[in-house]
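Novice: Can you keep this structure in mind? I'll have questions shortly.
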Amino acid sequence: MTRSKKWPEMGVTIAGIKMKNAVMVASGTFGYGPEYADLVDLNKLGAIVVKGISLNPWNGNNLPRLVEVPGGLVNAIGLQNPGAEKFIKEYMPFLRKYDLPVIVNIWGRSVEEYVEVAERFDSVKGVSALELNISCPNIKHGGIAFGTDPRMAKKVISSVRKRTRLPLIPKLSPNVSNVSMFARIAEDCGADAVSLINSLPAMVINVETRKPVLANVVGGLTGPAIHPVAVKMVWETANAVKIPVIGMGGINNAREALEFIIAGATAVAVGTANFTDPLTSLHVINGIEEYLKRHALNSIKELIGTVHT
Amino acid sequence: MNMHQAEVVDHVEASGGYRILTVEVPSLAKTVKPGQFIHLRIPRMDGAVLRRPFSVYMAHGKEMAVLYKLVGRGTHSMKSIGKGEILSMIGPLGNGFPMLQSLKVPVLVAGGYGVAPLAFLASRIKKKGIVFIGGAKASDVLCVKDFKKLGWEVRIATDDGSAGEKGLVTKILDEWLSVLNPVELLEFFVCGPDGMLKAVAERAKRLDHTAWLSLDKHMGCGVGACLACVQKIKRNGVVSLLRVCREGPVFEASEIVWE
Ligand SMILES: Cc1cc2nc3c(=O)[nH]c(=O)nc-3n(C[C@H](O)[C@H](O)[C@H](O)COP(=O)(O)OP(=O)(O)OC[C@H]3O[C@@H](n4cnc5c(N)ncnc54)[C@H](O)[C@@H]3O)c2cc1C
Ligand SMILES: Cc1cc2nc3c(=O)[nH]c(=O)nc-3n(C[C@H](O)[C@H](O)[C@H](O)COP(=O)(O)O)c2cc1C
Ligand code: FES
Numbered sequence: 001m002t003r004s005k006k007w008p009e010m011g012v013t014i015a016g017i018k019m020k021n022a023v024m025v026a027s028g029t030f031g032y033g034p035e036y037a038d039l040v041d042l043n044k045l046g047a048i049v050v051k052g053i054s055l056n057p058w059n060g061n062n063l064p065r066l067v068e069v070p071g072g073l074v075n076a077i078g079l080q081n082p083g084a085e086k087f088i089k090e091y092m093p094f095l096r097k098y099d100l101p102v103i104v105n106i107w108g109r110s111v112e113e114y115v116e117v118a119e120r121f122d123s124v125k126g127v128s129a130l131e132l133n134i135s136c137p138n139i140k141h142g143g144i145a146f147g148t149d150p151r152m153a154k155k156v157i158s159s160v161r162k163r164t165r166l167p168l169i170p171k172l173s174p175n176v177s178n179v180s181m182f183a184r185i186a187e188d189c190g191a192d193a194v195s196l197i198n199s200l201p202a203m204v205i206n207v208e209t210r211k212p213v214l215a216n217v218v219g220g221l222t223g224p225a226i227h228p229v230a231v232k233m234v235w236e237t238a239n240a241v242k243i244p245v246i247g248m249g250g251i252n253n254a255r256e257a258l259e260f261i262i263a264g265a266t267a268v269a270v271g272t273a274n275f276t277d278p279l280t281s282l283h284v285i286n287g288i289e290e291y292l293k294r295h296a297l298n299s300i301k302e303l304i305g306t307v308h309t
Numbered sequence: 310m311n312m313h314q315a316e317v318v319d320h321v322e323a324s325g326g327y328r329i330l331t332v333e334v335p336s337l338a339k340t341v342k343p344g345q346f347i348h349l350r351i352p353r354m355d356g357a358v359l360r361r362p363f364s365v366y367m368a369h370g371k372e373m374a375v376l377y378k379l380v381g382r383g384t385h386s387m388k389s390i391g392k393g394e395i396l397s398m399i400g401p402l403g404n405g406f407p408m409l410q411s412l413k414v415p416v417l418v419a420g421g422y423g424v425a426p427l428a429f430l431a432s433r434i435k436k437k438g439i440v441f442i443g444g445a446k447a448s449d450v451l452c453v454k455d456f457k458k459l460g461w462e463v464r465i466a467t468d469d470g471s472a473g474e475k476g477l478v479t480k481i482l483d484e485w486l487s488v489l490n491p492v493e494l495l496e497f498f499v500c501g502p503d504g505m506l507k508a509v510a511e512r513a514k515r516l517d518h519t520a521w522l523s524l525d526k527h528m529g530c531g532v533g534a535c536l537a538c539v540q541k542i543k544r545n546g547v548v549s550l551l552r553v554c555r556e557g558p559v560f561e562a563s564e565i566v567w568e
C-alpha cells in the first residue's frame, strides 16, 4: 500500500492494519462490498467491516425486521448470512480487487462455533482482521450473552485468540453498566483493538393493533439517537485500555466522527447513515481532512484522545 | 444504479390521497425499465434516516415520474415538495418486469398504487392487452386514462362499488377468465397488496399461465445491504431468502414461498 505524502496525514494503524484514513463502514450496514460499489469508490474507504458471518448459513428473523423511529431505526435482522464458505467463495474474490482492508465480522452460538469460524478465516487471503461480534441483541442464543457476562466474554475472546493469527477486534456491548471492564477483559485476553458500540436493545409497539412492530418483538436501536451514548462509552473505554478503540454509533457527518476521535477513538465506523446517504463515509473523510487543515494539525493522530475534561 | 440529483418539474394531485411527482433526471429516465424503482430521500423530514422506495410510473425523454399514495410520515412530508426543488434519488433499482413472451396476451392486475409500474409497463408493450384495476373506492382507481389512451381494455372493481363493479378485483378477473377461449395464452403482470398477489398467483397456477408479481416489502437500504426486505423463493428445488430490492421486486409466482 502506498502511503500518501500529502498533508495532513489521514492514515492510522489499527491492530497492524494500515488504513489510508480513519473511516470505515460498520458491519451489517454495507453488505459484503458489491451492494454499494456502484455508488461508493471502495478504494477511498479506510476499511470495510462486512456483515456478520457464522460458520453455517443462517436465515435470521421473520419480517418486519426494521422500523424507523425519530433519530434512528430499530432492526432485528437476526444476522442472516450465507455462512463462511459461501462468503469466502462468492465475495472475497470481489473484495480482493480493491485496495481496501477487509475486516470480517464473525459470530457464533457457542464458544466452539466462534472458534471454528475464526479458524476458517485464518488462511483466507485478503482478510485483514476479525471483528468478534459478542454484542448482537438480535439472536436468542449467544450474541449479546457473550458480551454482557464477564466470564463468557473472557472465555470466547481467549478461546478465539488462541486459534487465530489474525488481528482480533471484539465488538463490545453497550448494554452493560461498566463497559471499560469488558474492554480490559478484551485487552487481557490478547485482543488487538476493541470496537463499540453495537445497537441498544429497543422495542416499538403499534398502538392500533397493540402488537410489536418487529416480528422478533425486540430489536436494536441505531442511528443519530445513540451518538452521545456511544461517545461517552468510547471515551470511558479509551481511558481504560491501551489498545486502539474503534468508535461508532450515529455518525452522520465529520463533526460527529471527530467527537469519537477526540474522545479517544483511533478510527470510526459509519453505520445507519449509509442508508440515508451512501456517500456519508466519503463526506466524513473529506470533512476530517478539512478540519485538520483548519486546525493546523499535521496528522489525525495528534487529535486522538485530546478531549479536555 | 447511481445517485441522482433530480429537479422537480411538476407535482400534482392525481386523485384524493394520491399524487404524481415528476422530475427531470435524464440519466435515470433513459435507463429505467418498468417494474424498477427509485429510493428517494424525502426532504425536510426531521429525524428520518431512511429513504422511501417508489416504483417508476413514467419515463419519457429527460423526465421520470412516480405516483404515490399518502400513507404515513414520509409520504405526507412529500406533499411540500415544490417545483424547482432538487431531490436525491438512487436508481434504477431492482430487476423490473421481464419482456412479454411472444404470442402471449398481457393481463395486468393492479391494486391501489400498484397500478403505477403497470401503467409504465403497458406504455412499453407494443401489444394491447387488458388491465384489471382494484381499489377500496373510486379515488383508489388510477391511471384509467393512461391505459385507454394506449388502446387497452380496462376493467374496474371497488370494495364499495363507487367505481366499476362492487367487489374484489379477482371477482371480475374470474368472470373474464371463465368466458375466455381456453387456448388463449396469457401472461400476468401483477402489483398490489399481498392478498391480491396470492389470489392471482393461485389462478395462474391453476390455469397454467405465467404470472409475474411485484412484491412490496419494508425497505432499509434499497440496494441489497441490510437484508430488511427478504422473501422466501424456491428456485431449482432450493429455498433461499432473496432480497426484494435486489433480486426482486418482481418474481415469478410459482417461485414464491408464501408464509
Ligand atoms: C419496490 C417498492 C415500490 C413501491 N412503489 C410505490 C409506488 O409506486 N407508490 C406508492 O405510493 N408507494 C409505493 N411503495 C410503498 C411506499 O414505499 C410506502 O408507502 C412508503 O415508504 C411509506 O412511507 P411513509 O413514511 O409515508 O409511511 P410510514 O410512516 O413509514 O408508514 C406508514 C404505513 O406504511 C407502511 N409501510 C412503510 N413502508 C412500507 C413499504 N415499503 N411497503 C409497505 N408498507 C410500508 C407502514 O408499516 C405503515 O403502516 C413501494 C414500496 C416498494 C417496496
Ligand atoms: C441493519 C443493521 C444490521 C447490523 N448488523 C450487524 C452485524 O451483523 N454485526 C455487528 O456486529 N453489528 C451489526 N450492526 C451494528 C452496526 O455495525 C453498528 O454497530 C451500529 O449500527 C451503530 O452504528 P450506527 O448508529 O452508525 O448505525 C447492524 C446495524 C444495522 C442498522
Ligand atoms: S432494503 Fe436493504 S437489502 Fe433490501
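The listed protein sequences correspond, in order, to chains U and X. Once you know that position 156 of the first sequence is 156 in this note's numbering, the rest is easy, because the numbers rise by one and skip nothing. Once you know that position 230 of the second sequence is 539 in this note's numbering, the rest is easy, because the numbers rise by one and skip nothing. Where a beta carbon is used, it is the ideal one built from N, C-alpha and C, also for glycine. The structure presented is a predicted model; accordingly, all values stated were derived computationally and were not measured.
From the DSSP output, in three-state form, read off U/T13 for me.
Specialist: If DSSP states are grouped into helix, strand and coil, U/T13 belongs with the strands.
Novice: Looking only at C-alpha atoms, which of X/C530, X/L536, X/K526 and X/G356 sits nearest to X/V559?
Specialist: Here the closest residue by C-alpha is X/K526.
Novice: Could you tell me which of U/R161, U/I251, U/K155 and U/D149 sits nearest to U/N178, measuring between CA atoms?
Specialist: For the residues U/R161, U/I251, U/K155 and U/D149, the minimum Cα distance to U/N178 belongs to U/D149.
Novice: What ranges does the beta strand (DSSP E) occupy inside the region 341-409 of chain X, keeping only unbroken runs of at least 3 residues that lie completely in it?
Specialist: Listed in chain order, they are 346-350, 361-364, 367-369, 372-378 and 395-402.
Novice: Check each residue of the region 24-38 of chain U: if its Cβ is closer than 9 Å to any Cβ of chain X, include it; give the result in chain order.
Specialist: Taking 9 Å as the Cβ-Cβ cut-off against chain X, the residues of the region 24-38 of chain U that qualify are G28, T29, F30, G31, Y32, P34, E35, Y36 and D38.
Novice: Within 10 Å of its beta-carbon, does U/R255 have 16 or more other beta-carbons around it, so buried, or fewer, so exposed?
Specialist: It counts as exposed.
Novice: What is the C-beta distance between U/G31 and U/K51, in whole angstroms, given that I count them as a contact (C-beta under 8 Å)?
Specialist: U/G31 to U/K51, Cβ: 6 Å. Contact.
Novice: So, using beta-carbon positions, are X/S523 and X/G423 closer together than 9 Å?
Specialist: Yes, Cβ-Cβ distance for X/S523 and X/G423 is below 9 Å.
Novice: Short check: CB of U/K171 to CB of U/I134, under 9 Å?
Specialist: Going by C-beta atoms, U/K171 is nearer than 9 Å to U/I134.
Novice: Who does X/Y327 pair with in a DSSP beta bridge?
Specialist: Bridge partners of X/Y327: X/S324 and X/K378.
Novice: Quick check on the DSSP output: the beta strand (DSSP E) that includes U/T309 runs from which residue to which?
Specialist: Taken as a continuous stretch (DSSP letters only), U/T309 belongs to no beta strand (DSSP E), as it is neither H nor E.
Novice: Thinking U/S128 and U/P101 are a contact (beta carbons under 8 Å), I'd like their distance in whole angstroms, please.
Specialist: Rounded, the Cβ-Cβ distance is 4 Å, consistent with contact.
Novice: Excluding sequence positions up to five away, which residues of its chain have a Cβ less than 6 Å from the Cβ of U/S4?
Specialist: In this prediction, U/S4 scores a pLDDT of 49, lower than 50, which makes its location untrustworthy; no coordinate-derived value is stated.
Novice: Go through its chain and collect everything with a Cβ distance to U/P167's Cβ below 6 Å, but skip five positions before and after it.
Specialist: Correct list, in chain order: A15, G16, A129 and D192.
Novice: Would you mind reading off the limits of the beta strand (DSSP E) that contains U/V323?
Specialist: What the structure shows of chain U is the stretch from 1 to 309, and residue 323 of chain U is not part of that stretch, so it cannot be assessed.
Novice: Among X/M367, X/R361 and X/K446, which one has its Cα closest to the Cα of X/L396?
Specialist: Closest option to X/L396, Cα to Cα, is X/R361.
Novice: Return no unless some Cβ of chain U is closer than 9 Å to the Cβ of X/E568.
Specialist: Yes, X/E568 lies at the interface with chain U (some Cβ there is under 9 Å from its Cβ).
Novice: Rounding to the nearest angstrom, what Cα-Cα distance links U/K154 and U/G287 in this structure?
Specialist: Taking the straight line joining both Cα atoms gives about 38 Å.
Novice: Just checking: is the beta-carbon of X/G356 within a distance shorter than 9 Å of some beta-carbon in chain U?
Specialist: X/G356 counts as touching chain U.
Novice: Leaving out five residues on either side along the sequence, give the residues of the same chain with a beta carbon under 7 Å from the beta carbon of X/H313.
Specialist: The residues are V334, S336, L337, M398 and G400.
Novice: Residues of chain X with a CB under 9 Å from the CB of U/T276: which are they?
Specialist: What U/T276 touches in chain X: R350, A357, V358, L359 and R360.
Novice: Using a Cβ-Cβ distance cut-off of 9 Å, determine whether X/I399 contacts chain U.
Specialist: Yes - at least one Cβ of chain U is within 9 Å of the one on X/I399.
Novice: Report the residue ranges of all beta strand (DSSP E) runs contained in full by the region 193-260 of chain U; include only those spanning at least 3 residues, in chain order.
Specialist: Segments of the beta strand (DSSP E) lying fully in the region 193-260 of chain U: 194-196, 200-203, 218-222 and 245-248.
Novice: Specify the secondary structure class of U/A191 as computed by DSSP and reduced to three states.
Specialist: U/A191 falls in the coil class under three-state DSSP.
Novice: Under the rule that 16 or more other beta-carbon atoms within 10 Å means buried, what is U/L221, buried or exposed?
Specialist: Label assigned to U/L221: buried.
Novice: Following a CB-centred definition, is X/R555 positioned closer than 8 Å to any heavy atom of ligand 3?
Specialist: Checking the Cβ of X/R555 against ligand 3 gives yes.
Novice: Could you tell me whether any Cβ in chain X is nearer than 9 Å to the Cβ of U/N83?
Specialist: Checking the sequence, you will find Gly at residue 83 of chain U rather than Asn. By this cut-off, U/G83 is not an interface position.
Novice: Closer than 8 Å: is that where the CB of U/A84 sits relative to any heavy atom of ligand 2?
Specialist: No.
Novice: Tell me the residue span of the alpha helix (DSSP H) that contains U/G52.
Specialist: U/G52 -> not in any alpha helix (DSSP H); beta strand (DSSP E) instead, spanning A47 to I53.
Novice: Establish whether the CB of U/V117 and some CB of chain X are separated by less than 9 Å.
Specialist: Judged by the 9 Å Cβ criterion, U/V117 is not in contact with chain X.
Novice: Is there at least one non-hydrogen atom of ligand 1 closer than 8 Å to the beta-carbon of U/P224?
Specialist: U/P224 Cβ: outside cutoff for every heavy atom of ligand 1.
Novice: Please list, in chain order, all residues of the same chain as X/L451 whose beta carbon is under 7 Å from its beta carbon, the five residues on each side excluded.
Specialist: Result list for X/L451: A323, S324, Y327, L376 and V424, in chain order.
Novice: Counting pairs of beta carbons, one from the region 487-502 of chain X and one from the region 454-470 of chain X, are three or more of them closer than 8 Å?
Specialist: Judged by Cβ distances under 8 Å, the region 487-502 of chain X makes no contact with the region 454-470 of chain X, as fewer than three pairs qualify.
Novice: Going by beta-carbon coordinates alone, are X/V453 and X/V463 separated by less than 9 Å?
Specialist: In this structure, X/V463 lies closer than 9 Å to X/V453 by Cβ.
Novice: Looking at the C-beta of U/A230, does it have a partner C-beta in chain X at a distance below 9 Å?
Specialist: False, the Cβ-Cβ gap to chain X never drops below 9 Å.
Novice: Do we get a CB-CB distance below 9 Å when we pair X/G531 with the residues of chain U?
Specialist: Judged by the 9 Å Cβ criterion, X/G531 is in contact with chain U.
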